[in-house]
Structures are given as C-alpha cells and as structure tokens.
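What follows is one structure encoded as structure tokens, with my remarks underneath.
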Amino acid sequence: MTPVRVLSLCGTIAGVVLIPAALPEFYVTLFGYVGLATLVALGLVLLTGISGQTSFGQASFVGIAAYATTLLTKLWGAPPIAGLIVGLVVTGTTAWLLGLVTARLSGHFLALVSVAWGISFFSLFGTLPLLHGFNGIGDIPPLRLGPLSAENLRVNLGVIWAVVAIVLAMSASLLDSRMGRAIRTLNGARLVGDSVGIDTARLSRSVFVLAALYAGVAGFLFAHFQRFISPTPFNLGASIDYLFMVIIGGAASLWGAPLGAALVVVLRDQFNDWIPRITGRVGDFELLVFSIVVILLLQRAPDGLLPLLTHLKRRRPPPGGLAIDVPAEIPPAPVLAPAVAPGAELLALESISRNFGGLAANRDVSFAVHAREIVALIGPNGAGKTTLFNVVCGVLSPSGGHMRLFGTPVEHLPSRRIAALGVARTFQHVKLLPNRSVLENIALGTHLSGRAGLWRAMLRLDRAEEARLLGEARAQAERVGFGRVLEMPAGDLPLGQQRVVEIARALCLRPHLLLLDEPAAGLRLAEKQLLAALLRQLRAEGMGVLLVEHDMDFVMELADRVVVMDFGQKIAEGPPGLVQSDPAVLEAYLGGLA
Amino acid sequence: MKARLFAAATAMSILGATAAAQAQIKIGAILSISGPAAAMGVGYKAAFDFFPNEIAGQKVEYIVRDDATDANTAFTIAQKMISEDHVDAFIGPSLTASDAAVAPLANQAHVPMLAMAPYEYDPTKQPYTFNDAQPLSLMVSVVFKYMQQHGVKDIGYIGFSDGWGDQVLAATRTSAQADGIKILADERYARTDTSAEAQALKLMSVHPQAIMMGNSATPAALPVVALRHRGYKGGIYGNHGVVSPAFIKVGGEAADGVIADTSPLVVYDQLPDDNVIKPVATAFMADYAKKFGPQSVNPFAGYSYDAVLLLQAAIPAALKAGKPGTDEFRVALRDAVEKTHELVGVSGVYTMSPTNHNGQDARAAVLVEVKDGAWRAIR
Amino acid sequence: MDLFVFLALLQDGITTGAIYLLLAIGLLIVFSVTRVIFVPQGDLLAFGALTAATLQSGQVPGTLWLLDGAAAVALVASLFGGWRLALRGVLTWGVYPFVVTAAVMLLAPRQVPAVSILLALAIVTPMGPLIWRFAFRPIADASVLALLILAMALHFVLIGLGLIFFGPEEASAPTLTDANVDLGVLNVSGQSLVVLLCCITLVLGLRWFFGSTIHGKVLRAAASDRLGARLVGIDAAASGALAFGLASFIAALAGVLIGAVTPLSYDAGFDIGLKGFVAAIMGGLISYPMAAAGAILVGVLESLGSFWASAYHEVIVFTLLIPVLVWLSLRSGSAEDRA
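Protein chains in written order, with the working numbering: chain U, 1 to 594; chain Y, 1001 to 1379; chain B, 2001 to 2339.
What follows is the structure, encoded as structure tokens:
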C-alpha cells in the first residue's frame, strides 16, 4: 500500500465515523444525498469517463432498485437485505437485457437510446398500478444494523458513506487490475483491446451492468434513507444531473464522482437558499442560475474540475530526458513461448480476396510465414497492404480464399480469437492509452495470461496474478529498453518510442507470430537498430514475423523474404536481393520511368 | 479531499449549533413554484404577499421555498427548515407527493404542518399533520351526487398521467361505487401533450353517458374541445382543478356546460348572503385584487390563506405554553390547531379533532357550471 | 376500432407528426453542420408559441428583452474583431433588434393575429444564432457527447427563462382560422390544415434553399465535410450561426402553429422536441426523407398508442426508438474507434 492509499483509507474511516457525528442535522441529509449521488456517479465514471459510453438513464436504475426494495420491505414485509438482493438482481437483469440490445451501439447512439429508456422507465414508475402511481409510497421501513436502527439520520449517513467508501475502494481496485486496463481500451481503443484478446463487446456490457448495480445500491439506500419514494427522483432530469456531476467533477477519475456530486448537490441547495434571499423571488431563478453555472463549467473546464485541482501534481519526466536505454545485448524472452518446430508453417494465405463494395482491395493473394522467419510485405501506396494486414489480424474478414494459422482455418475468426491463437500485432497509427503509464500499456498484452474477472479484481483477490502479469510486462519492457520510463504516461513519449511500447505490448502475448504495421516509421537510427536487433533475437527464439514497411533499407537488411504487392495483387515474392531486381517490382515502384 | 470535507463539516457544525427561543415566529412554506405543478404553485405563493407580519403581538417571518415539483427536494428543504431555520410550523407542501415526503420529518421534529394538497394519512399516527384542502372524496362526491340526480348511470374517465390524475381517479372510483355509477374507461394524457384526440375517440367508442375529468387548469380544455369537436353530446364533469378562467378561454364554446366542484372562494360573489364564508372570502378577494388586479381568482391562494388563518387562531394559545422556537411552543401550537372549532376560512369551515385533521364539511364544496363564458354557481 | 376512428387517429397523428417533422428537420440541419444534438430546440418552440400569445394579449414578451440583451453583448463582442466583423455585428446585433423592438412597441397593442405571429418569429429566430454564439461556439470542437450534455444544460436555462418570462400557465398562440373543413366522414379543423400546409411549404422552401442559394450550398458543403469546408474557406462560425438560425426559425414556426391548436406552457417544448428528435434519429441523423417518414410514424404511433393504452403512450413512443437505433447501428456496422 502506498502512503497515499493508507492516508486516504484512514481519512475515509475517520470520515465515515466522524462526519455523521459532527454534522448538524440538515447537513446530515445533504451529505446523505451527496453520498447517494456519488454512488451513481462512480458508476458513470466507469461507464462514461473510463469506458466511453454515455448514459442518460442511470436514474432509472436507481428507481428500479428503490421500487424493488420498497415493494418487498414495505408492502410484503421482507427484511431490507432481501430488498437489497432482489433490487440488485432486478437492476442487474434489466441492465443486462438493455445491454444485449444496446451492446452494438456506441458514441451518441447509446446516449440517445438511454434518453429513450430514461423516459420510458419514468413513465412506467408512474403508471404501473403496482407502484402506487405518481404520488409515491411512504413509510418505507428503515435499515437495521443489529441494535442500531438507521431511523437515525446520522446512522444512515454513516451507512451511506461506508458503502461509498467500499464501492470507491472496489472501483479503484478494479481500475488497478487486468480488467481495469481492459476497460480502458473500450474508450476509443477497442481495436487494441481486440488485438490483445479482450472480448470488448462483452466487457462493455459488463461495465454497463456494473454501473447500473452501483445505481441500484444507491436506489436501495435512497429508499430506506428518505423512506418515501415517488417517480420524480428517477426521471430524465435526475439522470442528466448525475451526468453533470461526473462531467463537472471530472469523468476521467473516480475522485471526480464525489467532487462532482458534492458540488452539484451543495450548489443546488445553496442556490435554493440564497437566490430567494437576494432576489426576494422564489422559484424563478434557481434553476436558471444553476444551469448557467453548469454551462460555464462545461465551457471553461471540459475535463472537469478535478484535473484543475490536481494538475500541479502531474508526474514530470525523469531527469536526463526521455531517452531509453539501448541495451548492449538484448536479454532473452522472460517467458519462453511454447516451442514451435523451426520452419513450421505459421500463417498460410491461399487466394485471399477482399472487396469493399465493388472495389477489390485484395485479389488472389497467397503466401506463407514460417517459424524463425521475417517476412516483409511491401508495395506502393494503395497497393492493399493494410487491407491484407487487417485480414490477417481478423479485423476484416476475407471476401474469398483461405487462411490458416498454425494449420487451423481462421477465415472468419474475430481478432480476439486470432490473438488467442498466438498472434500479436502493432498498429500503423500508434494506439496506446496516452494517459496511462508505459507499464500499464505494456501490461495490456498480458490480458490472456490472466483469469481474474471483474469481481475478483474488485475484491482484490487477484493480487498474486496481478503481480505475475505486471512482472511479465516489466520484463518485456526492460527487454526493449523501457526500464526507466515505466511510470511515465505513454502519451508523453516521442512517437518512435511509442511504437516500441506497442511492440512490447505485443510481445506480452507470447506470440508465435508477430504482425508489425510499419514499425520503423518515425524511429531514429539508433532506435531502428535496436528494433532490428530485437526482431532478430525474436526470430532466433523461434518467432515468425510479418511486417508491412516502407523503409526499404530496414526491410532489405532484415527480412528473409519479401512479398511485393501492387493494385491488390502479389506481384513478386522472394529474398530481398532477388526482389529488388525484379522487373515487375521496378515497374510498380518507378512506374513509367523504368 | 476527505480532510477538506471534514474541516468544512466541523465549521458547519459550529455555525449550526444554535437552537433556542426566537424573537419571532418562523413559518416555513414549501411550494411547487417551478416544474410541472408550477401553475398551481404560483397561486399558493400569491397569498403570501399580504399575510400578517404580526400575530398576537409576535413578529412572523415566512420562509418560502420552491420544491420544483420534486418530493425529494421538498424533503431536503423541510430538513433544512427544521434544523437550520427552526421553523415553528409548515405551510404546505402544496404537492401531495411532497406532503408524503415531509410529513414524517415534521412529526418527528414536532413541527405542525398544514398540508395544502389533498393528502391521505392517519392523523392518529401523524398527529402533527393537518390538511386544509378539501379531501378529493368530498369534492368529487358532490359532482357524483349531481350526476346521480340527473340520471347518469355510466361514465368515462380522462385524467392527467400524473399524481393529480391518480388521485381524482381514486376519488372517482369511491364516489362512483357509492352512487352506483359504472366507470367504462380510464384514459390518460400528459399535461404537456399536444393532443388528446385519441383519448377522446377512445372514450366515445365506449359510449359513456358522461365524462369525468381528472385534470387541471388550461390543459383540461384539451379533451373537452376534442370531445365536442367529435360530436360528443353527453355531460362533461370536472374537478376543482379545472375551474379557472383560462379553461374557459381556451375551451371556448366547447367549455359551455362543463360542471365541476370548486372551493367557495371561486364563486364568492355568487354565494347566498347568509353563507358564512362569503364575508371572509370577500375580504380576502379585496386584498387579492389590490395586489394582483381584479378577476384574478385563484382557489389555491385560498388554501395558503386558510392555513394562516388556522395558525393565527392557534398561536395565542401556543404562546402561553412557550416561546417561539421551542418545542413547548410547537407542541402547544399543534394542540391548539387540533382544537379549531368552526373556523371560517375562504375554502370552507374547519372543525378539527384528534381523528379529523381536515375538519371541512359540505360547506367547502360548491358546484359550478360554465355559462356564457364564466363559472356560475349551481344552486 | 372502426374506419372512422382509424381515419380520425391518422389525421391526428399526421398533424402532430408534421410538427415533429419540422423539429426533426431543424435538428438534422444543426447536427449535420455543427454536430450539436440541439435538444432544446423544443424549448424554442414553446418560446415561439408563448411569445405570440403574449403579443396577442397586447403585452411585451420577456423574450424581446432577452433578444435585446443578448444582442447587445454580441454587438459589443463583435466590435473587437476588425471592421468587417464589426460592421456585420452592428447590422445583425444592433440594427435588427432595434427594428424588431420598435415594431413590437408600435404593433403589439393592435393585437392582430398575423402580426403577432410574424413578430414572434422575428423575436425567436435570432435566439438560435445567439445560443450558438454564446453556448456552443466556444467549445465547437468538443466531442458530440460534450455538446449533447451542454445542450441538456441549455434546456434547463431555457425553461428557467421561460418560467420567468411567461409564468407557469399555459397560453394559446393566435389562430389564423377558425374554419372547419368537412371531408366526408372526417371533420378536419382549419388550423390542422394550416399546420400541414406550412409544413409542406417549409420543406419545399428548404429544398430550394439548399439546392439553389449560395448560403444553402455553403451549409451543405459544411455538413458533408467539415474539415474540407474549412479548407476551402467556408467560415465554420458563420455556417453554424446560419444552421442554428434556421433551426430556431423552424422551431418558432412550429410553436406558433401547434400553439394555436393546443395551449402550451413554458416547459411543454421539451417533450415535443424529444419526439422530433426520435424522428430525426429514425433518419439516422442524416437522411431528411427518412426523418420525414419517422416523424409521421411517431405521430401516428403516438395517436394509436394513446387510443389503445393511453397511460402508456410515452412508453410506446420512446421504446420504439430502441429497436430502430439498434437496427441503424447494425446497418452502419461497427462504429468502434470512430472517436
């Protein structure tokens, strides 16, 4: 545990015990609301800030759980714990079903669907006869903790903030784990997630359900805290408020949730109090002033207030600049991939074609890559190299032809399944999580060597595995010379080094076949030499490498075999020396001049 | 973060740690001045502009806050009024859902509250809750008695899809059962809908002899216009929420003949001279017209006014028991309000008892009909 | 349900659908040019209706002072941006509000329906460009989601202002005709024909605008390729203002049209706007004919839903959106990593 964590843990415990005892009655209620809103906002941070899905429907989930526990405890006399369990089951199931429908939606489409269900659920809460309509249900039994009845608001506040502390800690553990790293790829880097074997569609559904469960916990507490519920607190307006909290606090960090929740709840309360005192009018200006403040905050601090408060503490680059250490000798692979017989066929393409509409990007391309071999795929711009590369990675499926990996037909496997077979890749336009550390980025590659899921991560039962994964990532990082900059945000590295981070990430998959998309682009000479040395070492260890590259010197010096493409077709294949003098190749590259 | 919160909390606790007798009587009013119920809320608020600043020689301070038609907000405001402002009584809330949310707090803190929306509760369990609005069952039963006398055997119901629509329907069910009238349809529309044509057509398809409406104010004209436009010939009946000049303005010819219950205040000048409410209502309307101009009758302002009348009558007795701001004062105030006997307000005559915290009788309900572009009392 | 009822429901649905269509068009224009999902357009609809109603009652609407105030700020701001901008600023934000204010002062007391309607359009139309100028332009490059959240906040600003300007009570915009038209079994109100007529005229007018005028072509260019348009020198700020101006004009028009059929309150616009928005989404936020079909579908479905299960009609309309969106999203294939 870091000192910061110990400190915040102590602070939290002190807060949970002391704040309820010391606060005047009214602020007990107010901070109760802050706590409840924090729970919902924490879910939204995971959903919106971390995994990039926006929901205007979180208040519905609060409502579903609140109504479930109310029905059970008030109308049917069940104990609150049953209300909690049933509430969460119902909320989770609803979210899961919605998730099935909305899993394919992304960006603003999901946000729009959530507006729709936000309105529908509100309407249902008011209309279903079972739920007692718009005038609500009162006298909901309070929580009981042994002798302590949570009828006392202070006990309630303690309960709420204890739950907030637990959920916050669990969320922090989650983000600091294998699954946490995976979740971060959902936000704009799903291709990376797929390429390291993460089931991104399923994961985004899980995060969605998790955020709904947080809202459900808040709903359960809300019902027993206020002891009266009506549909209004679960309407679209409430959902929008939760989003405001997250955006104002700072969606990128868990701490943005309590900050934003406190700000919104307290601001609203203070406006309700002071505006009538100042203007002498009630009901006119409160909402107006509050929403203008929200707009100004959105305009001035689009990333929320938390980054503004903490930006001074941002890690500085280590002294001595960003240069990576070029090791004199590349250490061997830390964990040897299961051996493949030297010279065995890894990848075989037979008459692969790929069409986009009427346009044929690849036609009848066939070649193979073997173990202990570096194959370069070259060709002029627009020759179809990238399309072919994407077909091999599983990002695109071929329109025709056969593709085998390690002897298995894989024409229609998605990338994550191809990754699981032992194929790792890098991207032409570097795709890293720029705000996360180099180590975390590299550790993404270890995803498939771990098993721990969301719940084990949240309960910190994954620590041994986590240590092993990070150790492996660290070893791979050191291997490519990143020992000193592991804690730097990856986005702060120069472009060339970001490429090397990608390669290290790919190596963490312990691949038999490594696919590199223009790895040398943007690298300085020393870095290219390091890269070439690394690739030779990998070849020596038995790996097959397929690279798409423009840098002819790099290719000719390194590759065992070169495949040349033009107009979507293979025009030549052979050792570098032979290909270089092939008339078709000269024609393709030099055009009419030859 | 936590440390800062904690410091703030400590600071607040020091500031807030005063709770003793106060120089003036503080009355907290929680009204729905914005949000969906705002049209009614502003009526409730209007009366506060000419309330007495002194009762029984004590200064009175009114703290008026808006719950934005949200029970949740009402709960927070009530909490603050109790523990920060130390109010001696609540007027309101003016929304049924808010009443339900606030009542447990008020009872726990011994703050008498005069709810102003129809709100069903058990006075023996919530001894501090009073209600000066006519119970919907009382109001709606007047309409149904009239229907029964005029041979109506079945009706169709159309109301808002909100709390008001639910409540009027509940009262309609009770009265209909008592008077042997069948409810053939229950149709709903939203206050902000742009059309109630479909609901009107549905109602007509079951051929009810009359229509009962559970809506209010201007949007109540929507189904009336649609029904008449489609040629519906039966009687159209409303509740007291419907009774407003704007309803007639928007309803136009279609509004003619609509019959509804209402508060005596609305037709105060048409009451017979021996009606005890007439002079009180006339005086109130004089004050009201001075402030807001003539012809601006608003029954909701009457509920606020009656609440103050009830408190005004009870405060002298309470002052004997303790100073404002003390528990003794509030307990005595509650006891005194419960002893209210034949107090004449503008919305009815109140006689409270431990089991009846509304205390109104048939004098609180008047039947009115739209005739020649105005609401006319039916004798 | 007999044929008569079905036809009556259909007619009702088409009338409301026409209003949704107008809003859907406004949303599409704004979204395609600026990527803003302009949900608060519905609030401008309420502004239009209530401004006309206030004028018709012989009073000066608060929206006029809002226009004057916001225009004054925009005028001052434009003075610091070089003489060409200043000149344009003086014309748009100095002369125009002055003329409108003078016209309101002179004409409002006469309470002529057509004049009230025209003045209401003149007052509410500039709100769009002003909203663009002050709310969205400062963060025009933010993500679609950030802009959407800002739009939601703006909705609350507008209903806050609406409550202050118009009070909480509903009011009706002036009607142009009280006539009823008998179409065989159906008795159609003249105003609903006016709604349809205006809707068709506007759609044709917009076709002409986008097809034949230089401003329309500029907007189309800005919509189809934002970066490209900027490269060839199309002023993104100006095309944004134009798009918002069109949207607020359409909203105000829809407001005075529907406001004459149904009394509207300050907060009634949002629900109407959301349904227009459902229609726009059915058009995939790109296609106008699809949006038109969607709008009519939403209107008719709402009408039928209100007939069959009136308490659930909101649920029916908004739940309908979910399968449509899923279908759209499947059709557009994997939308991943498009951020």
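Glycine included, each C-beta is placed from N, C-alpha and C at the ideal position. Quick caveat, the model's predicted, so the values are computed rather than measured.
Quick one: what does DSSP say Ala323/U is sitting in, helix, strand or coil? Here residue 323/U corresponds to residue number 323 of the first sequence, with the count starting at 1. Because Ala323/U carries a pLDDT of 49, less than 50, the predicted location of this residue cannot be relied on, and no value is offered for it.
When burial is assigned at 16 or more other CB atoms within 10 Å of the CB, is Lys1290/Y buried or exposed? The residue given as residue 1290/Y occupies position 290 in the second sequence. Classification of Lys1290/Y: exposed, given that the 10 Å Cβ count is below 16.
Return the chain-ordered list of same chain residues with a C-beta closer than 7 Å to the C-beta of His1207/Y, the five sequence neighbours on each side being excluded. Counting from one through the second sequence, the residue named residue 1207/Y turns up at place 207. The beta carbon of His1207/Y sits closer than 7 Å to no other beta carbon from its chain once the five residues preceding and following it are set aside.
Against chain B, does Gly1041/Y count as a neighbour if the rule is that its beta carbon must be under 8 Å from one of theirs? Taking the first residue of the second sequence as position 1, residue 1041/Y is located at position 41. Judged by the 8 Å Cβ criterion, Gly1041/Y is in contact with chain B.
Spell out whether any CB of chain U is found under 8 Å from the CB atom of Gln1022/Y. If you number the second sequence from 1, residue 1022/Y lands on position 22. It does not: the Cβ of Gln1022/Y has no partner Cβ on chain U nearer than 8 Å.
Alpha carbon to alpha carbon, what distance is there between Leu586/U and Val562/U? Within the first sequence, residue 562/U is the residue found at index 562, counting from 1. Within the first sequence, residue 586/U is the residue found at index 586, counting from 1. Answer to the nearest angstrom: the Cα atoms are 14 Å apart.
Could you pull out every residue in the same chain whose Cβ sits closer than 6 Å to the Cβ of Gly320/U, ignoring the five residues on either side in sequence? Along the first sequence, one-based indexing puts residue 320/U at 320. Residue placement at Gly320/U cannot be trusted, given a pLDDT of 43 that sits under 50; what the coordinates show is reported in the next sentence. Once the five neighbours on either side are set aside, Gly320/U has no close Cβ partner at all.
Does Leu2145/B get closer than 8 Å to chain U when you measure Cβ to Cβ? Stepping through the third sequence from its first residue, residue 2145/B is reached at position 145. Yes, its Cβ sits closer than 8 Å to a Cβ of chain U.
Would you call the CB atoms of Ala1318/Y and Ala1336/Y closer than 8 Å? Along the second sequence, read from residue 1 onward, the residue named residue 1318/Y stands at position 318. Along the second sequence, read from residue 1 onward, the residue named residue 1336/Y stands at position 336. Their beta carbons are under 8 Å apart, which means Ala1318/Y touches Ala1336/Y by this criterion.
For a test of the three-state rule: what should DSSP assign to Val335/U, helix, strand or coil? In the first sequence, counting from the first residue as 1, residue 335/U sits at position 335. Because Val335/U sits at a pLDDT of 48, beneath the cut-off of 50, its placement in the model cannot be relied upon, and the following sentence gives the value as read from the coordinates. Coil.
So that I know if they touch, is there some Cβ in chain B lying closer than 8 Å to that of Pro1219/Y? Position 219 of the second sequence, counted from the first residue, corresponds to residue 1219/Y. Chain B, which has a Cβ nearer than 8 Å to the Cβ of Pro1219/Y, makes this yes.
Whole-angstrom Cβ separation of Leu288/U and Gly2089/B, contact assumed at under 8 Å? For the purposes of this step, residue 288/U is taken as the residue at position 288 of the first sequence. For the purposes of this step, residue 2089/B is taken as the residue at position 89 of the third sequence. In this structure, Leu288/U and Gly2089/B do not form a Cβ contact; the two beta carbons are roughly 26 Å apart against a cut-off of 8 Å.
Would you kindly work out how many angstroms separate the C-alpha atoms of Val548/U and Gly193/U, rounded to a whole number? Residue mapping note: residue 548/U aligns to position 548 of the first sequence, counting from 1. Residue mapping note: residue 193/U aligns to position 193 of the first sequence, counting from 1. Approximately 21 Å, taken between the alpha carbons.
Could you round the C-beta distance between Ala41/U and Met170/U to whole angstroms and report it? I think they count as a contact, below 8 Å. Looking up residue 41/U in the first sequence gives position 41. Looking up residue 170/U in the first sequence gives position 170. That belief does not hold up - the Cβ atoms of Ala41/U and Met170/U are roughly 15 Å apart, past 8 Å.
Buried or exposed: where does Val2232/B fall if 16 or more other Cβ atoms within 10 Å of its Cβ makes it buried? Locating residue 2232/B in the third sequence gives position 232, where the first residue counts as 1. When all chains shown are included, Val2232/B counts as exposed.
Short CB-CB distance (under 8 Å) between Ile1077/Y and chain U: Mapped onto the second sequence, residue 1077/Y falls at position 77. Answer yes: the Cβ-Cβ gap between Ile1077/Y and chain U drops below 8 Å somewhere.
Pick from Phe2244/B, Pro2323/B, His2313/B, Leu2202/B that is closest to Leu2219/B, judged by C-alpha positions: Here residue 2219/B refers to the residue found at position 219 when the third sequence is read from its first residue. Among Phe2244/B, Pro2323/B, His2313/B, Leu2202/B, the Cα nearest to that of Leu2219/B belongs to Phe2244/B.
If you pair each beta-carbon of the stretch 1056 to 1075 of chain Y with each one of the stretch 267 to 284 of chain U, do three or more pairs fall below 8 Å? Touching, per the Cβ criterion.
With DSSP as the reference, label Gly1238/Y as helix, strand or coil. Within the second sequence, the letter at position 238 stands for residue 1238/Y. It is a strand residue.
With a threshold of 8 Å between beta-carbons, can Lys1233/Y be considered close to chain B, or not? Walking along the second sequence from the start, residue 1233/Y turns up at place 233. No - not a single Cβ of chain B is within 8 Å of the one on Lys1233/Y.
Contact under 8 Å by Cβ, Leu254/U with Leu143/U: Along the first sequence, read from residue 1 onward, the residue named residue 254/U stands at position 254. Along the first sequence, read from residue 1 onward, the residue named residue 143/U stands at position 143. No, the pair does not count as a contact, with Cβ atoms beyond the cut-off.
Can you name the residues of chain U whose CB is closer than 9 Å to the CB of Lys1045/Y? Start at 1 with the first residue of the second sequence, and residue 1045/Y comes out as number 45. Within chain U, the residues near Lys1045/Y are Val282, Gly283.
Considering His402/U, what are the terminal residues of the alpha helix (DSSP H) in which it resides? Taking the first residue of the first sequence as 1, we reach residue 402/U at position 402. First-last for His402/U: 400 to 405, but that is the beta strand (DSSP E), not the alpha helix (DSSP H).
Got a sec, what are the start and stop residues for the beta strand (DSSP E) Ala1210/Y sits in? Position 210 of the second sequence holds residue 1210/Y. Unbroken beta strand (DSSP E) run through Ala1210/Y: 1210 to 1214.
Neighbourhood of Ala1074/Y by C-beta distance below 6 Å, restricted to the same chain and skipping five residues each side: Position 74 of the second sequence, counting from 1, holds the residue named residue 1074/Y. Ile1030, Asp1067, Pro1093, Ser1098, Ala1101, Val1102.
C-alpha distance - Ile2214/B paired with Ser2239/B, whole-angstrom precision: Translated into positions along the third sequence, residue 2214/B becomes position 214. Translated into positions along the third sequence, residue 2239/B becomes position 239. Taking the straight line from one Cα to the other gives about 12 Å.
With a CB to CB cut of under 6 Å and the five nearest residues on each side skipped, what residues in its chain are close to Lys1045/Y? Locating residue 1045/Y in the second sequence gives position 45, counting from the first residue. Excluding positions up to five away in sequence, the list reads Leu1031, Ile1033.
Taking a contact to mean a Cβ-Cβ separation below 8 Å, would you say Val1152/Y touches Ala1260/Y in this structure? In the second sequence, the residue the question calls residue 1152/Y occupies position 152. In the second sequence, the residue the question calls residue 1260/Y occupies position 260. The answer is no: Cβ separation not under 8 Å.
Let me check understanding here. Comparing Cα to Cα, which of Gln476/U, Arg484/U, Glu487/U, Arg524/U lies closest to Glu502/U? As a first step, residue 502/U is located in the first sequence; it is residue number 502 there, counting from the start. Per the Cα distances, Gln476/U.
If we count the other Cβ atoms within 10 Å of its Cβ and call it buried at 16 or more, is Val438/U buried or exposed? Taking the first sequence and counting its residues from 1, the one referred to as residue 438/U is at position 438. It is buried - the Cβ of Val438/U has at least 16 other Cβ atoms within 10 Å.
Leaving aside the five residues before and after Phe61/U along the sequence, list all residues of the same chain whose C-beta is less than 6 Å from its C-beta, in chain order. Taking the first residue of the first sequence as position 1, residue 61/U is located at position 61. Result list for Phe61/U: Thr91, Ala212, Ala215, Gly216, in chain order.
Determine, for Arg1188/Y, whether the minimum Cβ-Cβ distance to residues of chain B falls below 8 Å. Residue 1188/Y sits at position 188 when you count from the first residue of the second sequence. So yes, Arg1188/Y belongs to the interface.
Straight-line gap, Pro1245/Y to Gly1252/Y (C-alpha atoms, nearest Å): Within the second sequence, numbered from 1, the residue matching residue 1245/Y stands at position 245. Within the second sequence, numbered from 1, the residue matching residue 1252/Y stands at position 252. Between the alpha carbons of Pro1245/Y and Gly1252/Y lies a gap of roughly 11 Å.
By the 10 Å Cβ neighbour count, where 16 or more other Cβ atoms means buried, how is Glu1338/Y classified, buried or exposed? Your numbering for residue 1338/Y matches position 338 in the second sequence. By the neighbour-count rule (16 or more Cβ atoms within 10 Å), Glu1338/Y is buried.
In the DSSP assignment, the beta strand (DSSP E) including Gln270/U goes from what residue to what residue? The sequence position of residue 270/U within the first sequence is 270, counting from 1. Premise fails: Gln270/U lies in the alpha helix (DSSP H), 256 to 279, not in any beta strand (DSSP E).
8 Å Cβ cutoff, Leu1201/Y in contact with chain B: Taking the first residue of the second sequence as position 1, residue 1201/Y is located at position 201. Yes, its Cβ sits closer than 8 Å to a Cβ of chain B.
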